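Below: the structure, in structure tokens.
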Amino acid sequence: TAIRKQGDRYEISFANHESIQADYVVLAAPHDIAETLLQSNELNEQFHTFKNSSLISIYLGFDILDEQLPADGTGFIVTENSDLHCDACTWTSRKWKHTSGKQKLLV
1 TAIRKQGDRY EISFANHESI QADYVVLAAP HDIAETLLQS NELNEQFHTF KNSSLISIYL
61 GFDILDEQLP ADGTGFIVTE NSDLHCDACT WTSRKWKHTS GKQKLLV
């Protein structure tokens, strides 16, 4: 399996020896898999600077009205040397109103 740029398009080759042409390619894969698929010496230097990390999504609902949150906020990102045991928090109900039917806080 590989992805090769050919002119303005891409050729995607599969393990079964079939291939397709595409105008765009969107990858949802860890960087080491993307590196293998793209086989680009030009990008390898960039790929080697990336670090993988794991992700756990936990959703919590609180009986707090959305208006009680800061007006311009949608969450926070934690610095690397913080004492908090999470890296970030998104106020889901602020970003996507449909996720909280009663307009309560969903993080």
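In UniProt numbering, the protein residues as written are 1 to 107. Even glycine gets a Cβ: it sits at the ideal position worked out from N, Cα and C. Here the structure is a predicted model, which is why all the values come from computation and not from measurement.
- For the pair residue 106 and residue 39, the Cα-to-Cα distance works out to about 41 Å.
- Within the stretch 29 to 72, the complete alpha helix (DSSP H) segments of 4 residues or longer fall at 31 to 38, 41 to 47, listed in chain order.
- Taking all protein chains shown into account, residue 49 has fewer than 16 neighbouring C-beta atoms within 10 Å of its C-beta and is therefore exposed.
- Per DSSP, the continuous beta strand (DSSP E) segment holding residue 90 begins and ends at 88 to 90.
- Distance from the Cα of residue 51 is smallest, within the candidate group 69, 67, 59, 31, for 31.
- Of the residues assessed, residue 94 falls on the buried side of the cut-off, its CB having 16 or more other CB atoms within 10 angstroms.
- Of the candidates 104, 53, 36, the residue whose Cα lies closest to the Cα of residue 63 is 104.
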